[in-house]
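According to this note's numbering, the sequence shown is numbered sequentially starting from 26. The C-beta atom is built at its ideal place from N, Cα and C for all residues, glycine as well. Computed from a predicted model, the values in this text were never measured in an experiment. Beneath this line is the structure, given in structure tokens, with notes to follow.
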Amino acid sequence: MTLQIADRWFEEKRIGDGITLLWEPHVIPLMRCNIWHVRGRDRDLLIDTGMGVASLHDATRHLIDKPVLAVATHTHLDHTGGHHEFEECLVHSAEVSTLTEPEHELSLRNEAYFSAEGRRKLAAAGYEIPDGCMITAIPHAGYDPDRYRLKPAKRVRTAEDGDTVDTGDRRFEVMHLPGHSPGSIGLWEEATGTLFSGDALYDGPLLDQLSGCSVPDYLRTMARLRELPVRVVHGGHDPSFGRERMLELIDGYVASRT
Numbered sequence: 026m027t028l029q030i031a032d033r034w035f036e037e038k039r040i041g042d043g044i045t046l047l048w049e050p051h052v053i054p055l056m057r058c059n060i061w062h063v064r065g066r067d068r069d070l071l072i073d074t075g076m077g078v079a080s081l082h083d084a085t086r087h088l089i090d091k092p093v094l095a096v097a098t099h100t101h102l103d104h105t106g107g108h109h110e111f112e113e114c115l116v117h118s119a120e121v122s123t124l125t126e127p128e129h130e131l132s133l134r135n136e137a138y139f140s141a142e143g144r145r146k147l148a149a150a151g152y153e154i155p156d157g158c159m160i161t162a163i164p165h166a167g168y169d170p171d172r173y174r175l176k177p178a179k180r181v182r183t184a185e186d187g188d189t190v191d192t193g194d195r196r197f198e199v200m201h202l203p204g205h206s207p208g209s210i211g212l213w214e215e216a217t218g219t220l221f222s223g224d225a226l227y228d229g230p231l232l233d234q235l236s237g238c239s240v241p242d243y244l245r246t247m248a249r250l251r252e253l254p255v256r257v258v259h260g261g262h263d264p265s266f267g268r269e270r271m272l273e274l275i276d277g278y279v280a281s282r283t
């Protein structure tokens, strides 16, 4: 298959409240994560960084004019490909080694990356993975999907449940939300009722059957999230939603697993 060169790799949408959503339209839906830029007074946040196929640092130059903290809600490759471009990163202690010592030899070919069993589980969850590539275009001439690499992040500090992330004018609480992965975290801003939930909760089929997943942990995470006075959830994938939809998603997941 010959892939065309993309006119641009990232798209963006201003959400309001100092938040911009970026995404990679030429990445297949399963691997197309939401990249959240949060503008702060003293520093900005980037919550997840996408696949790392093209430079997120370059793509956000017009948004960022101060130091950046790149937060990893978890370390699956669709969320951490660009962390190495930023000088300071934050990740839960349970997954720090994946960010600092990532697997190097990778391919963006679906049949090479996803095992037959993994594809079966993803299909059962609602994600059909066809033969082909995780990307539907290339960022520049000569790009080889079979030579895709994850690079180690630079200065990385670990986060634990209850830690604070402060931008100077905004304060977020780190919530440990295991289930999808051991070190999944969310960022909760009580003042505005805003939750950045990573892949712990989004408006699509939730994944709890892959390596590193834990259904008992996920059920505890859902019980915790249900008690939050949320106004809006910005997830790791799919559109944002409010509290009513959050309760529907949580209750639907719990009913499917109990």
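Cβ distance (whole Å) where residue i is taken to contact residue j below 8 Å
i: residue 237; j: residue 207; result: 6 Å
i: residue 285; j: residue 160; result: This structure cannot settle anything about residue 285, because the visible part of the chain is limited to 26 through 283.
i: residue 118; j: residue 185; result: 6 Å
i: residue 271; j: residue 279; result: Actually they do not touch by this definition, with Cβ atoms about 12 Å apart.
i: residue 235; j: residue 91; result: So it is not a contact: roughly 37 Å between Cβ atoms.
i: residue 254; j: residue 218; result: 6 Å
Opposing strand residues paired with residue i [DSSP bridges]
i: residue 240; result: Answer is none; residue 240 lacks a bridge partner.
i: residue 260; result: 223
i: residue 41; result: 44
i: residue 134; result: 158
i: residue 266; result: 258
i: residue 189; result: 198
i: residue 211; result: 200
i: residue 19; result: Nothing can be reported for residue 19: it is not among the residues displayed for the chain, which extend from 26 to 283.
i: residue 63; result: 44, 70
i: residue 81; result: DSSP, once it has assigned bridges, lists no residue as partnering residue 81.
i: residue 183; result: 116
i: residue 94; result: 70, 113
Buried versus exposed, by CB contacts within 10 Å (16 or more), residue i
i: residue 283; result: exposed
i: residue 277; result: exposed
i: residue 49; result: buried
i: residue 195; result: buried
i: residue 193; result: exposed
i: residue 262; result: buried
i: residue 246; result: buried
i: residue 87; result: exposed
i: residue 216; result: exposed
i: residue 233; result: buried
i: residue 30; result: exposed
i: residue 54; result: exposed
i: residue 273; result: exposed
i: residue 260; result: buried
i: residue 120; result: buried
i: residue 201; result: buried
i: residue 209; result: buried
i: residue 178; result: buried
Nearest residue (CA-CA) to residue i, options the options
i: residue 36; options: 61, 199, 221; result: 61
i: residue 230; options: 205, 241, 216; result: 205
i: residue 221; options: 194, 281, 190; result: 190
i: residue 239; options: 250, 225, 251, 252; result: 225
i: residue 46; options: 80, 252, 85, 55; result: 85
i: residue 97; options: 53, 181, 143; result: 181
i: residue 131; options: 158, 259, 173, 116; result: 173
i: residue 176; options: 129, 214, 140; result: 129
i: residue 106; options: 90, 125, 92, 93; result: 125
i: residue 243; options: 163, 275, 116, 27; result: 275
i: residue 32; options: 162, 56, 167; result: 162
i: residue 72; options: 281, 115, 171; result: 115
i: residue 256; options: 42, 27, 34, 241; result: 42
i: residue 151; options: 250, 280, 228; result: 228
i: residue 285; options: 281, 38, 92, 52; result: The requested residue 285 is not part of the displayed model; the chain covers only 26 to 283.
i: residue 281; options: 250, 252, 254, 241; result: 241
i: residue 203; options: 214, 70, 223; result: 223
i: residue 212; options: 95, 169, 149; result: 95
i: residue 69; options: 169, 89, 82, 198; result: 89
i: residue 156; options: 144, 166, 167, 149; result: 144
i: residue 28; options: 58, 83, 169; result: 169
Requested in this report: Decide if the stretch 75 to 84 is in contact with the stretch 100 to 109; the criterion is three or more beta carbon pairs, one per stretch, under 8 Å apart.
Outcome: The count of Cβ pairs closer than 8 Å, one atom from the stretch 75 to 84 and one from the stretch 100 to 109, reaches three, so the stretches are in contact.
Requested in this report: Would you check if the stretch 266 to 280 and the stretch 64 to 71 touch, i.e. whether three or more CB-CB distances between them fall below 8 Å?
Outcome: The answer is no - the stretch 266 to 280 does not touch the stretch 64 to 71, with fewer than three Cβ pairs under 8 Å.
Query raised in the report: Is the number of C-beta pairs between the stretch 105 to 115 and the stretch 134 to 151 that are closer than 8 Å three or more?
Result: No: the two stretches stay apart, fewer than three of their Cβ pairs being nearer than 8 Å.
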